[in-house]
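J.: Chains as they are written, first to last, in full-length UniProt numbering: chain A, 1 to 326; chain B, 1 to 447. Structure below; questions to follow.
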Amino acid sequence: MTLKVDTPAPVGRTGPARSPGHRGSGRGGNGLARFDLRATPYFLVSPYFLLFTLFGLFPLGYTFWVSLHDWELAGDKTFLGIDNYVELIADGSFWNAVVNTVGIFVIATIPQLVMALLLANALNKRIRGRLFFRLGILLPLVTSVVAVAVVFTQLYGRDYGMINWFLGLFGVEAIEWQNQSWSAWIAIATMIDWRWTGYNAIILLAAMQTIPKDLYEAASLDGASPRRQFWQITVPMLRPTLIFVVFTSTIGGLTLFAEPVMFEGNPTMAGGATGQYQTVAMFIVKEGFRDFDMGYASAAAWMLFALILVGILINYSITRRIGGKK
Amino acid sequence: MLNNKRQGKLAAAAVMAVTALTIASCGSSEPSKPAADGGSASAAAEPVTITVHTFGGGNNFGYGEAVKKWNAEHPNIQVKHENLTDRFEDVYLPQLLQKLQAGSGTGDIVGIDEGAMGLMKARPQFFADLGQFGLESRKADFPAAKWDNGLNKDGKLFALGTDIGGMAMCYRKDLFEKAGLPSDREEVGKLWPDWNAFMETGKKFQAKVTDSKFLDGPNTLYNVILNQEAPKNGNIAYFDTSNQLVIDKNPAIKTAFDTVKSFSEAGLTAKLASFTNEWNAGTKKGAFAVMGCPAWMVGVIEGNAGEENKGNWDVAAVPGGSGNWGGSYLAIPAQSKHQKEAAEVLNYLTGKDGHVAAFQEANAFPSSLPAQQDPAVADKTNPFFNDAPVGKIFGASTQGLLPVFLGEKHAQVKTAAEKVLEGMDKGSIPYAEAWTKFIEAGTKAAG
Chain A
1 MTLKVDTPAP
11 VGRTGPARSP
21 GHRGSGRGGN
31 GLARFDLRAT
41 PYFLVSPYFL
51 LFTLFGLFPL
61 GYTFWVSLHD
71 WELAGDKTFL
81 GIDNYVELIA
91 DGSFWNAVVN
101 TVGIFVIATI
111 PQLVMALLLA
121 NALNKRIRGR
131 LFFRLGILLP
141 LVTSVVAVAV
151 VFTQLYGRDY
161 GMINWFLGLF
171 GVEAIEWQNQ
181 SWSAWIAIAT
191 MIDWRWTGYN
201 AIILLAAMQT
211 IPKDLYEAAS
221 LDGASPRRQF
231 WQITVPMLRP
241 TLIFVVFTST
251 IGGLTLFAEP
261 VMFEGNPTMA
271 GGATGQYQTV
281 AMFIVKEGFR
291 DFDMGYASAA
301 AWMLFALILV
311 GILINYSITR
321 RIGGKK
Chain B
1 MLNNKRQGKL
11 AAAAVMAVTA
21 LTIASCGSSE
31 PSKPAADGGS
41 ASAAAEPVTI
51 TVHTFGGGNN
61 FGYGEAVKKW
71 NAEHPNIQVK
81 HENLTDRFED
91 VYLPQLLQKL
101 QAGSGTGDIV
111 GIDEGAMGLM
121 KARPQFFADL
131 GQFGLESRKA
141 DFPAAKWDNG
151 LNKDGKLFAL
161 GTDIGGMAMC
171 YRKDLFEKAG
181 LPSDREEVGK
191 LWPDWNAFME
201 TGKKFQAKVT
211 DSKFLDGPNT
221 LYNVILNQEA
231 PKNGNIAYFD
241 TSNQLVIDKN
251 PAIKTAFDTV
261 KSFSEAGLTA
271 KLASFTNEWN
281 AGTKKGAFAV
291 MGCPAWMVGV
301 IEGNAGEENK
311 GNWDVAAVPG
321 GSGNWGGSYL
331 AIPAQSKHQK
341 EAAEVLNYLT
351 GKDGHVAAFQ
361 EANAFPSSLP
371 AQQDPAVADK
381 TNPFFNDAPV
391 GKIFGASTQG
401 LLPVFLGEKH
411 AQVKTAAEKV
421 LEGMDKGSIP
431 YAEAWTKFIE
441 AGTKAAG
């Protein structure tokens, strides 16, 4: 449509009934063309924003509205004000979920990003079968989260699990992985890492390839070792990408849901008998759809939103310093 | 540059795809509306389809044959039975509530477990009054306990009973023989007149057998005892009749808790939580020898244990007397467009024939009194369980049943409290702290 703007006489649009070349019709066509030029881009981007308003902004606002009520699923609704938030801040089981989420996030994400960085660096070198390896590390990403969790949960099974069998070879007694926080966190963290390390490595690899080669050449001439080149050139040049990767990992880690649910093996959302591995997302679903307290669940959802913002701010300030003498 | 161009094309394609999707979705929703309207307008002339939604593992409500028979006899009211899930509290119930709230999506008839009847009673706006279809006349068919639970808080009839869970113990005959215990069901019943004797039997069993445990886990034992004790303590469980939580005050709960704790401490449980994959596998592999067994559990065991275990399981009397665990109801959501026809189907399924068919198929023991007296129920034996006279055993355990009051949040409190029992049994909660944790969890779920 925009292409038509360039043609001088929009005859086709005005139709044969009017005399060709008439000034009035020309102006009308120009107006239309200008409108076309101005409005079309907005029209073309509008589907995203319409969908975002419908499925992003509206639920966000509505959730806040619900969070101000004692709102029972298919039941009574009474306005409370901020009571849900006050109760939530004093609720030990909410903070237990927060600790679990942050704990799993830390033991999953830090090794994951370090491994992704090292993997990306290795794959950036001239090695045999590079394409094969690059595709290979991305493979776990195409498996479904649930499939990953089901397989890993079986590996971590108490009686017939492979990991306990392997540990048994060294005389370790069968561990009930779901029983303690530490063991459950480790099990869940391995699921996350198995799936996402390759994804992050590929993103970092793409960023590494945009770093100008002459920087490395100059560094080599100056006698910098490959290790030094990695820390002094690669890592600082990756900073914007690292920030992106850290952001997405933070959001993913703090909204962790499918892996612990599958690890529990039933949809009660309790995360173990004492909530050893109940994440905040599970807490929200449990309150809303198991105990039918939608108001409280909505308040927890908003708290999670706030937590993610805080988490991103902290991580941003850490990542900014990476490799930086500035 | 090449990359940029590609991205541009990709983005354009994405935008167009989204636009196409929105247009398509708008388009598809429009023609469907008049069709739906037309359907309800000409309902009288055309055949009506009544959807029945239920839950449960194995043969669930056991409506396969009953529905076939009805459909053959009623060309104008066709029944479509859909069993949505095997889990009630954490899958079926939340979905049902969401559909009730949304005003669409439920079946014309829905199954409700007794645990959620308190919740549903408090929401009369969502269900059709069955009295307007003349179903009040069915009162004489049901024990008072079952009938009263189908009345909502306004005293209107909204649900009729399906099965009740009279109680017995299911045991592995082969494992009992291995332990040198009597394995005939009469003699097994005599081994345990009360729970102390049951404990002694367990210890004898465990002394001889090392690779299997005596009991499955905490849940079945707990529920059997709680449901025996509740009628002795004012017919209440977690809530008193004014819907106040009494989890810390009701002696029935404490007795059930303490008994489970003593079995767990004595190392007699296989530490398996009910209705989990491990528990299902344990039923098959003989990980335990005994489990608490309401009538419907017979169908569950049969489904989980599989053909190769035919004859290995048997049914014996329960220690400590009668009681009821579980059992369900059928109700008609107010959103149903064919309430009148649905009421006819509900009347059939909760009538004598429906009850008898369900017992034949899923061992769902009838709450209907005429069905209980029917020879097809009273004389029924179960070939999977060594031809155990299930009709007689479960019939005897439901005599003189009293109604136990279940509060509005019974299902939530039950789930939370039993979670603590599972944790205690598996060792993640120390025995000394378990009772405090148990009350805490229950209190939180009720709040």
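Even glycine gets a Cβ: it sits at the ideal position worked out from N, Cα and C. If you're wondering where the values come from, they're calculated on a predicted model, not measured in any experiment.
Within 8 Å (strictly less), CB to CB, does Phe-283/A reach chain B?
T.: Chain B, which has no Cβ nearer than 8 Å to the Cβ of Phe-283/A, makes this no.
J.: Residues of chain A with a CB under 7 Å from the CB of Val-67/B: which are they?
T.: Under the 7 Å cutoff, chain A gives no residues; its nearest Cβ is about 28 Å from Val-67/B.
J.: May I have a chain-ordered list of the beta strand (DSSP E) segments no shorter than 3 residues that lie completely inside the region 238 to 324 of chain B?
T.: 288 to 294, 313 to 316
J.: If you follow the alpha helix (DSSP H) that His-355/B is in, where does it begin and where does it stop?
T.: Secondary structure note for His-355/B: its alpha helix (DSSP H) is the uninterrupted segment 352 to 362.
J.: Report the three-state DSSP secondary structure of Ala-334/B (helix, strand or coil).
T.: coil
J.: Given Gly-282/B, which residues of its chain have a CB within under 8 Å of its CB, disregarding the five upstream and five downstream residues?
T.: Asp-216, Ala-270, Leu-272, Phe-288
J.: Apart from the five residues just before and just after Lys-77/A, which ones in its own chain have a Cβ nearer than 6 Å to its Cβ?
T.: His-69, Trp-71
J.: Counting only C-beta atoms, is Asn-277/B closer than 8 Å to chain A at any point?
T.: Contacts with chain A at 8 Å (Cβ-Cβ) include Asn-277/B.
J.: Less than 8 Å between the beta carbons of Ala-362/B and Gly-58/B, yes or no?
T.: yes
J.: Run through DSSP, which three-state label would Pro-231/B get?
T.: helix
J.: Determine the extent of the beta strand (DSSP E) in which Met-269/A is found, giving its start and end residues.
T.: Note, Met-269/A: premise wrong, no beta strand (DSSP E); not H, not E.
J.: Counting only Cβ pairs nearer than 8 Å, list the residues of chain B close to Phe-152/A.
T.: Within chain B, no residue comes near Phe-152/A; the closest Cβ sits about 14 Å away, beyond 8 Å.
J.: Would you call the CB atoms of Arg-185/B and Ala-316/B closer than 8 Å?
T.: yes
J.: How about Leu-73/A: is its C-beta nearer than 8 Å to some C-beta of chain B?
T.: yes
J.: Whole angstroms is fine: what's the gap from Asn-227/B's alpha carbon to Ala-396/B's?
T.: 16 Å
J.: So, are the CB atoms of Asn-235/B and Leu-402/B less than 8 Å apart?
T.: yes
J.: Output the boundary residues of the alpha helix (DSSP H) element that contains His-410/B.
T.: Element bounds for His-410/B: 410 to 426.
J.: Measure the C-alpha to C-alpha separation of Ile-164/B and Phe-133/B and round it to an integer number of angstroms.
T.: 24 Å
J.: Am I right that Val-280/A and Ala-300/A are in contact with their C-beta atoms under 8 Å? What's the rounded C-beta distance?
T.: With a beta-carbon spacing of about 7 Å, Val-280/A and Ala-300/A fall inside the 8 Å limit used to define contacts.
J.: Rounded to whole angstroms, how far is the Cβ of Lys-261/B from the Cβ of Met-120/B, which I believe are closer than 8 Å?
T.: Not confirmed; about 33 Å, so no contact.
J.: Can you name the residues of chain A whose CB is closer than 7 Å to the CB of Ser-264/B?
T.: Those do not exist, as Ser-264/B stays about 13 Å from chain A at its closest Cβ, beyond 7 Å.
J.: Would you say Glu-187/B lies against chain A (beta-carbon separation less than 8 Å)?
T.: no
J.: Work out the CA separation of Ala-116/A and Gly-107/B for me, nearest whole Å.
T.: Approximately 50 Å, taken between the alpha carbons.
J.: Taking C-beta pairs closer than 8 Å, name the residues in chain A that Pro-94/B reaches, listed in chain order.
T.: Leu-73, Phe-289, Arg-290, Phe-292
J.: Which ranges would you report for the alpha helix (DSSP H) in the region 81 to 132 of chain B if only whole runs of at least 4 residues count?
T.: 93 to 102, 117 to 121
J.: Take the Cβ of Leu-60/A as the centre, count every other Cβ of all protein chains shown within 10 Å, and call the residue buried at 16 or more, exposed below.
T.: Label assigned to Leu-60/A: exposed.
J.: Is it true that the CB of Gly-265/A sits closer than 8 Å to the CB of Asn-280/B?
T.: no
J.: 8 Å is my cut-off, CB to CB: does Gly-305/B come that close to chain A?
T.: For the sequence presented, residue 305/B should be read as Ala rather than Gly. No, Ala-305/B does not count as interfacial toward chain A.
J.: Determine, using beta carbons only, whether Ile-82/A comes closer than 8 Å to chain B.
T.: no
J.: If contact means a Cβ-Cβ distance below 7 Å, which residues of the region 408 to 429 of chain B contact chain A?
T.: Gln-412, Thr-415, Lys-419, Val-420, Glu-422, Gly-423, Lys-426, Gly-427, Ser-428, Ile-429
J.: Could you please tell me which residues of the region 154 to 179 of chain A, in chain order, have their CB closer than 7 Å to any CB of chain B?
T.: Glu-176, Asn-179
J.: Quick check on Lys-4/A - is its C-beta less than 8 Å from some C-beta in chain B?
T.: Its pLDDT being 45, under 50, Lys-4/A is placed unreliably in this model, and the value from its coordinates should be taken loosely. No, no contact with chain B.
J.: Rounded to the nearest angstrom, what separates Thr-143/A and Trp-435/B at their Cα positions?
T.: 43 Å
J.: Identify, in the order they occur along the chain, each residue of the same chain with its Cβ nearer than 6 Å to the Cβ of Gly-252/A, setting aside the five sequence neighbours on each side.
T.: none
J.: Between which two residues does the alpha helix (DSSP H) carrying Trp-192/B extend?
T.: That residue, Trp-192/B, is in no alpha helix (DSSP H); it is neither H nor E in DSSP.
J.: Tell me which same chain residues have a C-beta within less than 7 Å of the C-beta of Leu-268/B, skipping the five on either side of it?
T.: Gly-202, Gln-206, Lys-213, Phe-214, Leu-215
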